[in-house]
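Asks:
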Amino acid sequence: MPELPEVETVARDLRPRIVGATITGARCSWARTLRTHSPEAFAEAVAGRGVEAVGRRAKQIVIDLSGDAALTIHLKMTGQLFVVPADTPVDPYVRLVLELVDGREIRFRDIRKFGKIGLYGRDPATGELVTEVGGAAVFAALGPEPLDDAFTVREFRRLLRRRSGRLKPLLLDQSFIVGVGNIYADEALWASRLHPLRTAGTLRPADERHLFESVRTILAEAVERRGSSIDDYTAPDGDGSMQEHLQVYQRTGEPCPRCARPIKRIVIGARSTHLCSWCQRLGARDRKGAAAILRTMSGGPRRAGGRWTELAGEGTLGLTPAEAERATARTRTERTKRAAATRRAAARASVLR
Ligand SMILES: [Zn+2]
Numbered sequence: 015m016p017e018l019p020e021v022e023t024v025a026r027d028l029r030p031r032i033v034g035a036t037i038t039g040a041r042c043s044w045a046r047t048l049r050t051h052s053p054e055a056f057a058e059a060v061a062g063r064g065v066e067a068v069g070r071r072a073k074q075i076v077i078d079l080s081g082d083a084a085l086t087i088h089l090k091m092t093g094q095l096f097v098v099p100a101d102t103p104v105d106p107y108v109r110l111v112l113e114l115v116d117g118r119e120i121r122f123r124d125i126r127k128f129g130k131i132g133l134y135g136r137d138p139a140t141g142e143l144v145t146e147v148g149g150a151a152v153f154a155a156l157g158p159e160p161l162d163d164a165f166t167v168r169e170f171r172r173l174l175r176r177r178s179g180r181l182k183p184l185l186l187d188q189s190f191i192v193g194v195g196n197i198y199a200d201e202a203l204w205a206s207r208l209h210p211l212r213t214a215g216t217l218r219p220a221d222e223r224h225l226f227e228s229v230r231t232i233l234a235e236a237v238e239r240r241g242s243s244i245d246d247y248t249a250p251d252g253d254g255s256m257q258e259h260l261q262v263y264q265r266t267g268e269p270c271p272r273c274a275r276p277i278k279r280i281v282i283g284a285r286s287t288h289l290c291s292w293c294q295r296l297g298a299r300d301r302k303g304a305a306a307i308l309r310t311m312s313g314g315p316r317r318a319g320g321r322w323t324e325l326a327g328e329g330t331l332g333l334t335p336a337e338a339e340r341a342t343a344r345t346r347t348e349r350t351k352r353a354a355a356t357r358r359a360a361a362r363a364s365v366l367r
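The numbers in the working numbering rise by one with no breaks, and the one at position 313 of the sequence shown is 327.
So this is what it looks like as structure tokens:
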């Protein structure tokens, strides 16, 4: 799922294309894409509004419209945005079209249909997006933006010290800090040499600073590289390149760039987590209660023999179990990557011709 760098890239690519444009109408082919309105009510509510700004809050794109309104777009798993001439053929995965007065259209394409678009007003008193005047702020539950200048190590410490959970789920918790998802949580924890199952309360001040700096550095680098084009993420100006610079994410079995021992994978809360169990040690205290999770570990030498050749399939005979597992993980990852690249190319070909 696109995280802060990917959503920021889409917002930056959209901005010069649509700021100043005027919306004349909307067509929606999947009503559940709309969070707040029926397709008819949405079309009526956006018609005649101008696009004033394009920004981002957490993992959502925020398009400010004239008349104190704003659209929020959550790309979720497979959402993509394109701006094309109206006569470009519409492919079957386009769920929502915003028609512009200049003869172009903003198209929201979403294969898996998890994406959500909302239309909200701004509370004149607070300037916050609200469901209704005087109602709850749309973004009220979100934590701070990690790349904001106002977000300091002091603030990070203060938030961290109020929490007792394990680091991986904590970094994914959008009420703690926003924008970090599975990819950049794994990368930041590896960079700070902290085990994903470590609990927040065991961090020393130096660990806290290291984690704060790693989160910011990695997110900033990923924004610079236009995000990680893994799965379906692509932006109006094309794919990102951060996937080529990730150190541990989806690199199960490959050597750790720091110590050369194989990268391991464990499953925390149904999410794959990638780590180096040598560089990222887990203390005895934090091992307690984590046994079930640690048993999901794959990617390195294990004792269970016999199963390997069957698991690994062809081309792995004669390899040690560890080598066979590494080869299997690599094949699986390569296949997934190729399939995703094909889907992204198809998206661009079908929308931008
Ligand atoms: Zn290592």
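We treat Cβ as the ideally placed atom computed from N, Cα and C, and that holds for glycine.
1) Under three-state DSSP, which class holds residue 110?
2) Reducing DSSP to helix, strand and coil, say where residue 347 ends up.
3) Let me confirm a value: residue 88 is counted as buried when at least 16 other C-beta atoms fall within 10 Å, else exposed. Which label applies?
4) What does a CB cutoff of less than 7 Å around residue 177 pick up in its chain, not counting 5 residues either side in sequence?
5) Buried or exposed: which applies to residue 22, given that a residue is buried once 16 or more other Cβ atoms fall within 10 Å of its Cβ?
6) Could you check where the alpha helix (DSSP H) with residue 32 kicks off and where it finishes?
7) Is residue 42 near ligand 1 - that is, is its Cβ less than 7 Å away from at least one heavy atom of it?
8) Let me check one thing: in DSSP terms, what residues is residue 86 bridge-paired to?
9) Does any heavy atom of ligand 1 sit closer than 7 Å to the C-beta of residue 275?
10) Beta-carbon within less than 7 Å of residue 25's beta-carbon, same chain only, minus the 5 sequence neighbours each way: which residues are those?
11) Excluding the 5 residues preceding and the 5 following residue 19 in the sequence, name in chain order all residues of the same chain whose CB lies nearer than 7 Å to its CB.
12) With distance defined between alpha-carbon atoms, name the residue in 217, 311, 239 nearest to residue 284.
13) Can you tell me whether residue 226 is helix, strand or coil according to DSSP?
14) In whole angstroms, what is the alpha-carbon distance linking residue 263 and residue 139?
15) Leaving out five residues before and five after residue 321 in sequence, what residues of the same chain have Cβ atoms less than 6 Å from its Cβ?
Replies: With the given structure in hand:
1) Locating residue 110 in the sequence shown gives position 96, counting from the first residue. Residue state, collapsed to three classes: strand.
2) Walking along the sequence shown from the start, residue 347 turns up at place 333. Note: residue 347 maps to helix in three-state DSSP.
3) Translated into the one-based positions of the sequence shown, residue 88 becomes position 74. Flag for residue 88 reads buried.
4) In the sequence shown, counting from the first residue as 1, residue 177 sits at position 163. Answer for residue 177: 184, 190, 214, listed in chain order.
5) What you label residue 22 is simply residue 8 of the sequence shown in a count that begins at 1. Its Cβ being crowded by 16 or more others within 10 Å, residue 22 is buried.
6) The sequence position of residue 32 within the sequence shown is 18, counting from 1. That run of the alpha helix (DSSP H) goes 18 to 32.
7) Locating residue 42 in the sequence shown gives position 28, counting from the first residue. Result no, Cβ not under 7 Å from ligand 1.
8) Reading the sequence shown from its first residue, position 72 is the one you call residue 86. Per DSSP, 76, 132.
9) Within the sequence shown, the letter at position 261 stands for residue 275. Correct: residue 275 has its Cβ closer than 7 Å to ligand 1.
10) Your numbering for residue 25 matches position 11 in the sequence shown. Around residue 25: 68, 69, 70, 75.
11) Translated into the one-based positions of the sequence shown, residue 19 becomes position 5. The residues are 233, 236, 237, 241, 256.
12) On the sequence shown, residue 284 is found 270 positions in, with the first residue counted as 1. That would be 311, whose Cα lies nearest to the Cα of residue 284.
13) In the sequence shown, the residue the question calls residue 226 occupies position 212. Residue 226 falls in the helix class under three-state DSSP.
14) In the sequence shown, the residue the question calls residue 263 occupies position 249. In the sequence shown, the residue the question calls residue 139 occupies position 125. In a straight line, the C-alpha of residue 263 is about 44 Å away from that of residue 139.
15) Translated into the one-based positions of the sequence shown, residue 321 becomes position 307. With a pLDDT of 42 at residue 321, under the threshold of 50, the modelled position of that residue is not reliable, and the figure given next carries that caveat. There are no such residues.
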